[in-house]
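Q: Supplied in structure tokens, the structure appears directly below.
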Amino acid sequence: MAGAYLAASGAAILWGASFLMTKVTLTQMGPMATAGMRWGLAALALVAVSWASARGRETLRRALRDDKWTFIGLGLVGVSLFYTLQNLALVYTTSVDVGLIMNGFPALTAVLGVWLLGERLNRRAAGGVLVATIGVTLISLGGLAEAQGPASARLVGNLLAVAATLVGAVYIVGGKRVVTTYDPLTVTALAGLFGALLLIPMAVWEGVSLHLSTAAWVALLGLALGSGAAANWLWWHAAKRMPISRAGVFLYMTPLVSTILGVAVLGEPLTVATAAGAGFVIGGVMLVQT
């Protein structure tokens with residue numbers, strides 16, 4: 336179980352760092368191009384690693400033969416749609432806000448676990464979901480007066496982040512069923528492959544450029560190989576070995592990392608409303624997990 340804990344921690348930290356790296360990449364590419372190139376590179380790496388062994392090739396063939404549409408659905412929801420919404424959110428609002436809003440993942444996965452996996456949600460957990468929802472609302476609406484750009488733009492970005500959180504929770508809960516049948520590498524590789532295939536046409540339409548600065552290339556490769564391929568593989572490695580509700584505890588680390596990096600590296604504001612909302616979210620998700 337210690338290995339699963341380490342894997343979940345590693346995934347959460349890499350996802351937290353992804354907001355900063357995405358912000359860096361978005362200075363030179365659009366949101367669709369960033370998502371398409373990120374997952375195009377990640378899918379190439381993941382499929383190459385899977386294909387390197389005879390067992391990996393056989394598992395890929397079996398998965399495509401028996402559950403192709405399941406993996407297409409995972410790629411559509413957890414890669415194409417999720418990262419489109421997340422990247423668009425980062426265009427309009429701060430990485431601090433996006434990271435804190437996405438701290439609602441554990442609460443949302445608890446609700447979806449009841450609906451889709453038949454898990455029980457007691458009154459304490461239901462109260463936690465309500466508290467976390469209040470916190471996400473505060474973050475979404477808070478700090479608009481202090482925003483340097485138009486207040487409506489930051490609100491749009493925060494609402495996009497809320498939508499991304501909902502989509503991501505569906506991916507996490509839906510993928511739990513799949514990873515009980517297939518190994519984490521296969522799940523990550525095929526979800527990434529189909530997600531990339533859906534993203535690339537939109538990226539080409541938006542415009543892809545290979546003339547990037549060194550910093551942007553480093554950030555893009557970090558997104559593809561670290562926060563994309565490695566983080567998702569680590570997450571499914573952990574999810575295969577522990578309940579989703581327990582694995583969700585480690586997602587607390589994601590907004591913590593994104594907030595620290597956003598404030599320290601990008602100089603983004605941490606407003607009173609955002610801090611208060613973060614307190615509600617953290618309190619809510621802690622109630623859900625107890």
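When we follow my numbering, the leftmost residue of the sequence shown carries the number 336, and every step to the right adds one.
C-beta: ideal position from N, C-alpha, C; glycine also.
1. Express the C-alpha separation of Ala378 and Gly557 in angstroms, rounding to a whole number.
2. In whole angstroms, what is the alpha-carbon distance linking Gly470 and Leu501?
3. Give the list of continuous alpha helix (DSSP H) stretches no shorter than 4 residues that lie fully inside the stretch 550-596.
4. Using only alpha-carbon positions, find the residue among Ala582, Leu601, Pro536 and Gly527 that is nearest to Ser562.
5. Helix, strand or coil for Thr357, going by three-state DSSP, please let me know.
6. Work out the CA separation of Ala574 and Leu400 for me, nearest whole Å.
7. Run the CB neighbour count on Arg373, radius 10 Å, all protein chains shown included, and call it buried at 16 or more, exposed below.
8. Starting from the C-beta of Thr405, find all residues in its chain whose C-beta is less than 8 Å away, skip the five residues before and the five after it, and write them out in chain order.
9. What number of angstroms, rounded off, separates the C-alpha of Tyr636 from the C-alpha of Ala551?
10. Identify whether Thr419 lies in helix, strand or coil by the three-state DSSP scheme.
11. Kindly indicate which three-state DSSP category Thr606 falls into: helix, strand or coil?
12. By how many angstroms is the C-alpha of Gly351 removed from the C-alpha of Val607?
13. Should Val508 be labelled buried (16 or more other beta-carbon atoms within 10 Å of its own) or exposed?
14. Is Val600 helix, strand or coil by DSSP?
15. Should the stretch 536-554 be called in touch with the stretch 380-389, which here means at least 3 C-beta pairs below 8 Å?
16. Do the CB positions of Leu495 and Leu411 come within less than 8 Å of each other?
17. What residue does the alpha helix (DSSP H) around Val539 start on, and which one ends it?
18. For the alpha helix (DSSP H) holding Gly410, just list the boundary residues, first then last.
19. Could you work out which residue in Ile436, Val598, Thr521 and Gly612 is closest to Ala504 when comparing CA atoms only?
20. State the Cα-Cα distance for the pair Arg458 and Gly408, rounded to the nearest angstrom.
21. In this structure, does DSSP put Gly478 in helix, strand or coil?
22. Please report how far the alpha carbon of Ser344 lies from the alpha carbon of Gly338, in whole angstroms.
23. Of the residues Gly434, Thr369 and Trp570, which one's Cα is nearest the Cα of Ala610?
24. How big is the Cα-Cα spacing for Ala424 and Gly510?
A: Concretely, from the data shown:
1. Roughly 14 Å between the two C-alpha positions.
2. If I take the Cα positions, the gap works out to 15 Å.
3. List check, alpha helix (DSSP H) in window: 566-576 and 579-582.
4. Nearest to Ser562 by alpha-carbon distance, out of Ala582, Leu601, Pro536 and Gly527, is Gly527.
5. DSSP places Thr357 in helix when its eight states are reduced to three.
6. Sequence inspection shows Arg at residue 400; the Leu mentioned does not correspond to that position. The alpha-carbon separation between Arg400 and Ala574 amounts to approximately 24 Å.
7. By the C-beta density criterion, Arg373 is buried, having at least 16 other C-beta atoms within 10 angstroms.
8. Cβ neighbours of Thr405 beyond the five flanking positions: Val513.
9. Since the first residue of the chain shown is 336 and the last is 625, residue 636 is not available in this structure.
10. Note: Thr419 maps to helix in three-state DSSP.
11. Assigned with DSSP and collapsed to three states, Thr606 falls in coil, not helix or strand.
12. Counting only the Cα atoms, Gly351 lies some 21 Å from Val607.
13. Buried: at least 16 other Cβ atoms inside 10 Å.
14. Secondary structure of Val600 (DSSP, three-state): coil.
15. Three or more Cβ pairs closer than 8 Å define a contact, and the stretch 536-554 falls short of that threshold against the stretch 380-389.
16. Result no, Cβ atoms of Leu495 and Leu411 do not sit closer than 8 Å.
17. Taken as a continuous stretch (DSSP letters only), the alpha helix (DSSP H) holding Val539 covers Pro519 to Glu541.
18. Gly410: not part of any alpha helix (DSSP H); DSSP gives it neither H nor E.
19. The shortest C-alpha separation from Ala504 is found at Ile436.
20. Rounded to whole angstroms, the gap between the alpha carbons of Arg458 and Gly408 is 32 Å.
21. In this predicted model, Gly478 has a pLDDT of only 49, less than 50, meaning its place in the structure is not dependable; the value taken from the coordinates is given anyway. Three-state result, Gly478: coil.
22. In a straight line, the C-alpha of Ser344 is about 10 Å away from that of Gly338.
23. For the options Gly434, Thr369 and Trp570, the alpha carbon positioned closest to that of Ala610 is the one of Gly434.
24. If I take the Cα positions, the gap works out to 24 Å.
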